[in-house]
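One structure below.
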Amino acid sequence: MLIEDDSVLGAAVRDQLTSDGQSVDWVQRLDEATRALDAASFDLILLDLMLPDGRGIPFLKRFRGRNEPIPVIIMTALDQISERIEGLNAGADDYLVKPFDLTELSARIGSVGRRYAGNPNPSLTHGSLIIDLAAKTVCRDNKYISLTAREWVLFETFIAKPKQLFSKHQLEEKLYAFDQDIESNTIEVHISRIRKKLGADIINTERGLGYRLGSA
Amino acid sequence: MIQRYSLQQRLGLVLSLLLMLVWIGAAWMTVIKTRAEMNRVFDSALQETAQRILPLVVVELIGRDQLDVTQRSAAIREHQEFLTYLVRDERGRILLLSHDADLNTFPSWQSVGFSQSASHRFYNEEALEGSIRLTIAEPLAYRQSLVRQIQTGFWTPLLIFFPISLLIVYVAVRLNFLPLRRFRERLALRGPQDLSSISIEDSPAEILPMVETINGLLKRLSEAFDAERHFAAHAAHEIRTPLAGAIAQAQRLQLESIDVAVRRRALDIETTLKRLTRLSERLMQLARVEGGSLRKDYPSDLKFVASILIDELKRTFGEGLIILEAPTEPLLSDIDPDVFAILLRNLIENALRHGDINSPCHVLLTPDGQLIVTNHGLVVPKADLDRLVNRFERLGDNKEGSGLGLAIVYSISERLDLKLNLSSPIPGQLEGFQVSLSLPVDRRDRA
């Protein structure tokens, strides 16, 4: 979820994250953010600290009181280091000072996401695959295997939690913002493409339940 | 240093002097009055004695056979004659003297009544139509001796009671100045950053208006600082957010466009916007350090602030380019942590932008509050070193920096009265640039 009131910056951030394969819900007010959090779950929150209906830090403190293990990266235009320290003390996992490079934003999101997944190390191996989560590359026998943004998001979801079973609905949530129409067979199409590129056994289907990471 | 007078001492001195004058005046008036009364009594006695003697003298002289004989009275028994007398006729012939009368003492006859010489008091009385004239004399020495005894009787207690009354004045003045002393102590205990109201609970009526005025001024100052901080925060947000949006859109344009010219143009826009961002940031920092309060009324750990800042700068400049050496224990100081961060950021960015790109910048924080930032690079001539602390000064043709970094550092050091030292080359070496500052640190926790 992106909580940012500036339209120009918000649009650029949304486009950047979407091109990274992320599904972005963008709100511009804290009350909208609260309603969105009550309605859905998110993998990460990008929070601006100065919003039209309040400041981000009290919102962050209230959010942390809900004990939901969701990483939060604060975006601040305030140039005082005390504000950044206050944000970290309030429960932020990282911060970005405006203006920031969009590539740094992507890197910070990846870094925080990996920390929350319990593995801050960006490099993994899975069978014969060498996976670089920061660079978003997959390699086998010294050959890079290209994945689209959507394919990468799905693959990263599985590789981050290798033993977890993911339902189709959970995978759909990873791919689409709430304001986009979901096609009924999109997940099956993407998983089929991943199997073609990485091996038929890379993802196991558990009929009626969902999908789980397989062997490479 | 201007010597200021003490109200307490002045009041005590004035009261003591006045008391002394009053004591002296009262004693003096008492002595005068007593002496006058004493003289009256003595004169009365002298007159009474003359009037008692005269009839006896008249009787004796009438019974004389020869009137032109001078006779001296004989003493019945030996004694010192205190009062002496002389009897004359109208022609001034001495007819009778008391046994100890000294003729040289008595003046010529003037009239009935009192008169005085340097040594004696006289009373003249006459009888038989002035044909018999009596003059009685009393030595003034006795009266003077009595006056001296009376004066001594007054002055001697004064010598005892006067110091006691001075002590009472001193104690009374000190006690009554106690509220002022308490007020002074309350002010002395406050640090320069303490803008809270001064307590008025035991302020006397005379200084209450002053305390209320000071509290009013403190409130206005506190509100002004809060307004400045609030404005600075909002100004930063209002400037940085649209700049962030414009830079982000320029970056998206570079990513989304396949036209090389468009991408080049977008890159130029991004570069210019980033320069504008840095300049506006420096200008806001300069306004902040020149206008607002630079200290807090509580200490902060500068080592923690330095580590947070350096972690942030490493994201921009890369790992390994900034090396921090700091003590293991916290480095507490009442410098505003945001001001310290501004100071350190400018020093480090200056070092990295203008130093050798292949060698790191060293930041040293010592337990006694020395901050030393060092970078390798070309030597900066002395003449350039002196002008670099001025605004918009740059080295040579370098147009990259804002020219405000060291000016901001200098402004902070001036306002906080820190000793700032710029050296090039690095002391003991042949190249490089070093900035050192002595920070005010709280040494209590390190005792």
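One line per chain: the protein sequences are A and B, in this order. Here the first sequence is numbered in my numbering, starting from 51 and rising by one per residue. Here the second sequence is numbered in my numbering, starting from -10 and rising by one per residue. For glycine and all other residues, C-beta sits at the position ideal for the given N, C-alpha and C.
Segment limits, alpha helix (DSSP H) that includes residue i
i, result
"Glu70(B)", "Per DSSP, Glu70(B) belongs to no alpha helix (DSSP H) and is neither H nor E."
"Thr23(B)", "-4 to 51"
"Gly209(A)", "Note on residue identity: the sequence assigns Ile, not Gly, to residue 209(A). Counting along the chain, the alpha helix (DSSP H) containing Ile209(A) begins and ends at 199 to 210."
"Phe216(A)", "Run containing Phe216(A): none; DSSP gives neither H nor E here."
"Leu405(B)", "394 to 405"
"Arg64(A)", "57 to 69"
"Asp81(A)", "80 to 89"
"Leu152(A)", "152 to 166"
"Leu336(B)", "326 to 343"
"Ser242(A)", "236 to 248"
Those residues which DSSP pairs with residue i across a bridge
i, result
"Met100(A)", "Arg105(A)"
"Asp144(A)", "Ile123(A)"
"Ile268(A)", "Absent from the model: residue 268(A). The displayed extent of chain A is 51 to 266, so no value can be given."
"Gly256(A)", "The question names Gly, yet the displayed sequence has Glu at residue 256(A). Paired residues: Gly260(A)."
"Leu314(B)", "With the sequence shown as reference, residue 314(B) is identified as Glu, and Leu is not the correct amino acid for it. Partner(s): Leu353(B)."
"Asp78(B)", "Ile121(B)"
"Ser413(B)", "Bridge partners of Ser413(B): none, in fact."
"Val77(A)", "Ile53(A)"
"Ser322(B)", "Ser289(B)"
"Ile131(A)", "Per DSSP, none; premise fails for Ile131(A)."
"Arg61(B)", "Leu86(B)"
"Ile95(A)", "Val122(A)"
Run of the beta strand (DSSP E) containing residue i, from where it starts to where it stops
i, result
"Pro193(B)", "Premise fails: Pro193(B) is in no beta strand (DSSP E) and is neither H nor E."
"Val362(B)", "359 to 364"
"Thr460(B)", "No answer is possible for residue 460(B): the residues shown for chain B start at -10 and end at 436."
"Val424(B)", "422 to 427"
"Asp375(B)", "Per DSSP, Asp375(B) belongs to no beta strand (DSSP E); it is in the alpha helix (DSSP H), 371 to 376."
"Lys408(B)", "Looking at the DSSP string, Lys408(B) is not in any beta strand (DSSP E), and its letter there is neither H nor E."
"Ile195(A)", "193 to 195"
Residue j beta carbon less than 8 Å from that of residue i
i, j, result
"Leu354(B)", "Leu291(B)", "yes"
"Ile159(A)", "Ile123(A)", "yes"
"Leu336(B)", "Val362(B)", "yes"
"Leu242(B)", "Val251(B)", "yes"
"Ile53(A)", "Leu94(A)", "no"
"Ala167(A)", "Lys211(A)", "yes"
"Arg383(B)", "Ala396(B)", "no"
"Val446(B)", "Leu0(B)", "Given a span of -10 to 436 for chain B in the structure shown, any question on residue 446(B) remains unanswerable."
"Ala199(A)", "Ser73(A)", "no"
"His226(B)", "Ala127(A)", "yes"
"Leu99(A)", "Glu133(A)", "yes"
"Leu152(A)", "Gln359(B)", "no"
"Ser95(B)", "Ala116(B)", "The displayed chain sequence assigns Phe, not Ser, to residue 95(B). No, these two residues do not count as a Cβ contact at 8 Å."
"Val58(A)", "Ala235(B)", "yes"
"Ile196(B)", "Phe172(B)", "yes"
"Leu263(A)", "Ile209(A)", "yes"
"Leu72(B)", "Thr23(B)", "no"
"Ile195(A)", "Val203(A)", "no"
"Leu110(A)", "Ala90(A)", "no"
"Pro416(B)", "Val368(B)", "no"
"Ile121(B)", "Asp78(B)", "yes"
"Arg243(A)", "Ile253(A)", "no"
"Arg79(A)", "Asp55(A)", "yes"
"His88(B)", "Glu70(B)", "yes"
"Pro429(B)", "Asp325(B)", "no"
heavy atom of the ligand GTP below 7 Å from residue i C-beta
i, result
"Pro44(B)", "Here there are no bound small molecules, and the ligand GTP is not part of this structure."
> For the segment 270 to 285 of chain B, which residues have a beta carbon sitting closer than 9 Å to at least one beta carbon of chain A?
Replying inline: Glu270, Met273, Gln274, Arg277
>> Quick check on the DSSP output: what are the complete alpha helix (DSSP H) runs of length 4 or more inside the segment 87 to 175 of chain B, in order along the chain?
In response: 129 to 165
>> Under 8 Å, CB to CB, which of the residues in the segment 154 to 173 of chain B have a partner in chain A?
In response: none
> Going along the chain, which unbroken runs of the alpha helix (DSSP H) with 4 or more residues stay wholly within the segment 212 to 298 of chain B?
Replying inline: 249 to 280
> Which residues, in chain order, does the segment 415 to 432 of chain B contribute to contact with chain A at a C-beta distance below 7 Å?
Replying inline: none
> Using a beta-carbon distance cut-off of less than 7 Å, what residues from the segment 389 to 409 of chain B approach chain A?
Replying inline: none
> If contact means a Cβ-Cβ distance below 9 Å, which residues of the segment 88 to 104 of chain A contact chain B?
Replying inline: Asp98, Leu99, Met100
>> Using a Cβ-Cβ cutoff of 9 Å, what residues of the segment 211 to 237 of chain B are near chain A? List them in chain order.
In response: Those residues of the segment 211 to 237 of chain B that come within reach of chain A (Cβ to Cβ, closer than 9 Å) are Arg218, Ala221, Ala222, His223, Ala225, His226, Glu227, Ile228, Arg229, Thr230, Pro231, Leu232, Ala233, Gly234, Ala235, Ile236, Ala237.
> Going along the chain, which residues of the segment 52 to 66 of chain A sit with their C-beta nearer than 7 Å to a C-beta in chain B?
Replying inline: Asp56, Val58, Leu59, Ala62, Val63, Asp65, Gln66
>> At a CB distance below 9 Å, what residues from the segment 319 to 343 of chain B approach chain A? Give them in sequence order.
In response: Asp325, Pro326, Asp327, Phe329, Ala330, Ile331, Arg334
> Any residues in the segment 211 to 225 of chain A with a beta carbon nearer than 9 Å to a beta carbon of chain B? Which ones, in chain order?
Replying inline: none
> What residues in the segment 107 to 122 of chain A bring their beta carbon closer than 7 Å to a beta carbon of chain B?
Replying inline: none
> Of the residues that make up the segment 346 to 378 of chain B, which ones have a beta carbon closer than 8 Å to any beta carbon in chain A?
Replying inline: Look at the segment 346 to 378 of chain B: it has no residue with a C-beta under 8 Å from a C-beta of chain A.
>> Residues of the segment 127 to 141 of chain A in Cβ contact with chain B at a cutoff of 9 Å, in chain order, please.
In response: Residues Ala127, Leu128, Asp129, Gln130, Ile131, Ser132, Glu133, Arg134, Ile135, Leu138.
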